[in-house]
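All residue numbers for the sequence shown refer to the UniProt record's numbering, where the first residue is 1 and numbers rise by one. Single-structure report; data block below.
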Amino acid sequence: MANKEMEVEKGVDLKRYMGRWYEIASFPSSFQPKNGTNTRATYTLNKDGTVHVLNETWSDGKRGFIEGSAYKADPKSDEAKLKVRFYVPPFLPIIPVTGDYWILYLDDDYQHALIGQPSRRYLWILSRRNHIDEKIYNQMVEKAKEQGYDVSKLKKTMQTDPPPETDAAPADTKGIWWIKQSHLDEEIYNQLLEKATGQGYDVSKLKKTTHTDPPPETDGAPADTKGIWWIKSIFGK
């Protein structure tokens with residue numbers, strides 16, 4: 001089943017697809033907070049035919065967001081296969097990170113959508129409303145299963161009533177939520193490696209840094225009072 005060729009929607013009217021979509025359920029990923037709520041996406045059609053993307057989520061009372069752009073993977077094809085591009089790091093957006101956005105199912109009224117990508121590592125169930133009928137949800141899950149997805153990985157997203165307003169919570173000013181996670185998705189990591197290779201770096205010298213879950217708190221361990229660690233490392237101490 002996992003090797004079945006994925007089928008995508010054809011002839012999607014991007015103008016009708018624009019607007020706000022609420023995340024009803026998704027596969028958990030390293031670039032979304034584990035305790036994120038009210039996750040949603042807002043799409044706006046640009047004059048050049050590309051799509052402005054605004055992803056938002058609320059975590060610990062703060063609004064996190066990232067903006068990017070989407071475009072047809074093959075402008076000549078009528079298949080609903082898009083590419084979504086974001087730039088990192090958020091405070092100095094210079095490195096493009098691109099992912100696939102395939103519309104696997106879209107109802108005739110453009111109210112419910114199933115979004116995936118070729119590796120089947122990511123899956124989203126989206127709706128125009130922040131809650132959907134259980135019968136419709138089960139139908140969406142069944143469509144994902146037919147596409148070869150392991151639907152046991154799906155996790156429902158908490159949505160509150162009414163949905164929060166953009167300005168109703170303080171912004172996450174210390175960094176954008178998905179880039180602050182202590183673990184980076186392997187696909188994004190490999191893209192960054194490719195960028196470094198393109199700049200002439202010998203990436204074989206890279207060593208991954210160990211991060212624990214949850215990350216330690218600043219006050220959770222005694223301070224290094226004998227000197228700053230990176231200065232001491234110069235002398236092999």
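Positions of the beta carbon are idealized from the N, C-alpha and C atoms, including for glycine. Everything numeric in this text was worked out from a predicted model, so none of it was measured.
Does the contact criterion of 3 or more C-beta pairs under 8 Å hold for the stretch 78-89 versus the stretch 9-22?
yes
Rounded to a whole number of angstroms, what is the C-alpha to C-alpha distance between D107 and Y137?
Working through the sequence shown from its first residue, we reach residue 107 at position 107. Working through the sequence shown from its first residue, we reach residue 137 at position 137. If I take the Cα positions, the gap works out to 13 Å.
By how many angstroms is the C-alpha of N38 removed from the C-alpha of P164?
Along the sequence shown, one-based indexing puts residue 164 at 164. Along the sequence shown, one-based indexing puts residue 38 at 38. Using only the alpha carbons, I get a separation of about 7 Å.
Provide the residue(s) that pair with A113 in DSSP beta bridges, ordered along the chain.
Reading the sequence shown from its first residue, position 113 is the one you call residue 113. DSSP, once it has assigned bridges, lists L106 and L126 as partnering A113.
Alpha-carbon spacing of S69 relative to V141, whole angstroms:
In the sequence shown, the residue the question calls residue 69 occupies position 69. In the sequence shown, the residue the question calls residue 141 occupies position 141. S69 and V141 have their alpha carbons spaced roughly 27 Å apart.
So what's G175 in DSSP terms, helix, strand or just coil?
Position 175 of the sequence shown, counting from 1, holds the residue named residue 175. Residue confidence for G175 is low, a pLDDT of 44 falling below 50, so the modelled location carries little weight; the figure read from the coordinates is stated next. In the structure shown, G175 falls within a coil segment according to DSSP collapsed to helix, strand and coil.
Where do the N-terminal and C-terminal ends of the beta strand (DSSP E) with E67 fall, by residue?
For the purposes of this step, residue 67 is taken as residue 67 along the sequence shown, with counting starting at 1. Run containing E67: K62 to K72, per the beta strand (DSSP E) assignment.
What three-state label does DSSP hand N55 in the structure shown?
Mapped onto the sequence shown, residue 55 falls at position 55. N55: strand per DSSP, three-state reduction.
Leaving out five residues on either side along the sequence, give the residues of the same chain with a beta carbon under 6 Å from the beta carbon of G99.
For the purposes of this step, residue 99 is taken as the residue at position 99 of the sequence shown. Sequence-distant Cβ neighbours of G99 in its own chain, meaning closer than 6 Å and more than five residues away, are V84.
Hey, could you find the ends of the beta strand (DSSP E) A144 is sitting in?
Numbered from its first residue, the sequence shown carries residue 144 at position 144. According to the DSSP assignment, A144 belongs to no beta strand (DSSP E) but to the alpha helix (DSSP H) extending over E134 to E146.
What residue does the alpha helix (DSSP H) around L154 start on, and which one ends it?
Taking the sequence shown and counting its residues from 1, the one referred to as residue 154 is at position 154. Per DSSP, L154 belongs to no alpha helix (DSSP H) and is neither H nor E.
Starting from Y201, trace the alpha helix (DSSP H) both ways and give me its first and last residue.
Counted from its first residue, the sequence shown places residue 201 at position 201. First-last for Y201: undefined, no H or E at that position.
Using three-state DSSP, classify T39 as helix, strand or coil.
The residue given as residue 39 occupies position 39 in the sequence shown. It is a strand residue.
Taking the beta carbon of V8 as the centre, do at least 16 other beta carbons fall within 10 Å, making it buried, or is it exposed?
Here residue 8 corresponds to residue number 8 of the sequence shown, with the count starting at 1. That one is buried.
Spell out the partners DSSP gives G99 in its beta bridges.
For the purposes of this step, residue 99 is identified with residue 99 of the sequence shown, where counting begins at 1. Assignment of beta-bridge partners to G99 by DSSP yields V84.
From the DSSP secondary-structure annotation, give me the bridge partner or partners of T44.
Within the sequence shown, residue 44 is the residue found at index 44, counting from 1. T44 is bridged to H52.
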